[in-house]
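Numbering (full-length UniProt numbering), first residue to last: 1 to 289.
Ideal Cβ placement from N, Cα and C applies to all residues, glycine included.
All figures in this text were calculated on a predicted structure; none of them were measured in a lab.
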Amino acid sequence: MTSSTTTATRSGQFAIGGKLTVNRLGYGTMQLTGPGVWGPPKDPDEAVKVLRRAVELGVNLLDTADSYGPVVAEPLIKEALYPYADDLVIATKAGLTRSGPGDWRPVGRPEYLRQQAEMSLRLLGVEQIGLFQLHRIDPKVPLEDQVGELKLLQEEGKINQIGLSEVTVEETIAARKIADIATVQNLYNLANRGAEKLLEYAAAEGIGFIPWFPLATGELAGEGSKLSELAADKGVSPSQLALAWLLAVSPVVLPIPGTSSVAHVEDNIAAAGIDLSAADLEALTAAVA
Numbered sequence: 001m002t003s004s005t006t007t008a009t010r011s012g013q014f015a016i017g018g019k020l021t022v023n024r025l026g027y028g029t030m031q032l033t034g035p036g037v038w039g040p041p042k043d044p045d046e047a048v049k050v051l052r053r054a055v056e057l058g059v060n061l062l063d064t065a066d067s068y069g070p071v072v073a074e075p076l077i078k079e080a081l082y083p084y085a086d087d088l089v090i091a092t093k094a095g096l097t098r099s100g101p102g103d104w105r106p107v108g109r110p111e112y113l114r115q116q117a118e119m120s121l122r123l124l125g126v127e128q129i130g131l132f133q134l135h136r137i138d139p140k141v142p143l144e145d146q147v148g149e150l151k152l153l154q155e156e157g158k159i160n161q162i163g164l165s166e167v168t169v170e171e172t173i174a175a176r177k178i179a180d181i182a183t184v185q186n187l188y189n190l191a192n193r194g195a196e197k198l199l200e201y202a203a204a205e206g207i208g209f210i211p212w213f214p215l216a217t218g219e220l221a222g223e224g225s226k227l228s229e230l231a232a233d234k235g236v237s238p239s240q241l242a243l244a245w246l247l248a249v250s251p252v253v254l255p256i257p258g259t260s261s262v263a264h265v266e267d268n269i270a271a272a273g274i275d276l277s278a279a280d281l282e283a284l285t286a287a288v289a
């Protein structure tokens, strides 16, 4: 059994870019915004409590973006956690603009990426962003202009490490010819393994792999489902088992489950205490093939 006293330290550690050591089980802030990732949260006080509780339970990797709200998630982080603990790594992103709820449009012009980096520095109240990720590659702008601007920001000391989001292996290789890439962030979970090749590449190269939407357990966790059966056998929730699977798949995987509930934060972080054997991992992988 797991409990709310289990901390994220049980998930193991990973050094992003070989420099920023974090507990592998992090927290994603997208769900702290309004419907369609637009506007403020329904309960701002609870949002602050969620962030504080996550950090209390050992989370020291927070994933956010300028576009969450937009300009909602980053100020919430500052309100909840400033002044920050020395070991806290805030990973933010730029490169997607918003025109309404559920509407996301890539803009990768260098001057825009620089503006958003400066805005994130100000909104978070930091002198350097730990991990700055290109939220999407803009097909209308040369890759060297987009990643090149992040490299300039890194050289100026405004960001520590550079990451990419929703990329292919080929795009990652191309970006690495321009700058050092510390992490990649793609859709990946027990039910959707479309980024398997990217994960294999990241693991081979020592690049952190941040799976977004890690808890796609909806259709998997229904009554009588294999995931529910396996979770019941272990005395854990299906969501906890899905997170434990991600942590067991590769030591470079850094899950960032998000929620707007303190109870769910505690439940998610307790997944760090689940030990999966090789047989467990094989059974889970096969069950949701």
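Practice item. Express the C-alpha separation of residue 91 and residue 207 in angstroms, rounding to a whole number. Key: About 15 Å.
Exercise for review: Per DSSP, which residues does residue 211 bridge with? Please list them.
Suggested key: The partner list for residue 211 (beta bridge, DSSP) reads 186.
Exercise for review: For my contact list, residue 210 and residue 256 are in at a C-beta cut-off of 8 Å; report their separation, rounded to the angstrom.
Suggested key: That belief holds up - the Cβ atoms of residue 210 and residue 256 are roughly 6 Å apart, short of 8 Å.
Check your understanding: Which one of 240, 68 and 235 has the shortest CA to CA distance from residue 215?
Key -> Measuring C-alpha to C-alpha distances from residue 215 to each of 240, 68 and 235 identifies 240 as the nearest.
Check your understanding: In the DSSP assignment, what residue or residues form a beta bridge with residue 253?
Key -> Bridge partners of residue 253: 209.
**Study point:** residue 9 in three-state terms, based on DSSP
**Key:** Residue 9 falls in the helix class under three-state DSSP.
Point to revise | Residues that DSSP places opposite residue 105 in a beta bridge | key: Residue 105 pairs with 97.
Review point. By Cβ distance, which residues of its chain are closer than 8 Å to residue 73, with the 5 residues on each side in sequence left out?
Key: Beyond the five residues adjoining it in sequence on each side, residue 73 comes within less than 8 Å, by CB distance, of 29, 30, 32, 33, 64 and 65 in the same chain, given in chain order.
Exercise for review: Enumerate, from N- to C-terminal direction, the unbroken beta strand (DSSP E) stretches of 3 or more residues contained entirely within the segment 101-184.
Suggested key: The DSSP assignment places 104-106, 129-134 and 159-165 as complete runs of the beta strand (DSSP E) inside the segment 101-184, in order along the chain (cut-off: 3 residues).
Exercise for review: Starting from the Cα of residue 250, find the closest Cα among 105, 231, 237 and 278 and give me that residue.
Suggested key: The shortest CA-to-CA distance from residue 250 to any of 105, 231, 237 and 278 is the one to 278.
Review point. Is it true that the segment 37-51 meets the segment 191-199, where meeting means three or more beta-carbon pairs spaced less than 8 Å apart?
Key: No, the segment 37-51 does not touch the segment 191-199.
Check your understanding: What are the uninterrupted segments assigned as beta strand (DSSP E) that are 3 or more residues long and contained completely in the segment 16-78, given in chain order?
Key -> Runs of the beta strand (DSSP E) inside the segment 16-78: 20-23 and 61-63.
**Study point:** CA-to-CA distance, residue 36 to residue 275, given in whole angstroms
**Key:** If you take the alpha carbons of residue 275 and residue 36, they lie about 35 Å apart.
Check your understanding: Hey, would you say residue 114 sits closer than 8 Å to residue 149, going by beta carbons?
Key -> In this structure, residue 149 lies closer than 8 Å to residue 114 by Cβ.
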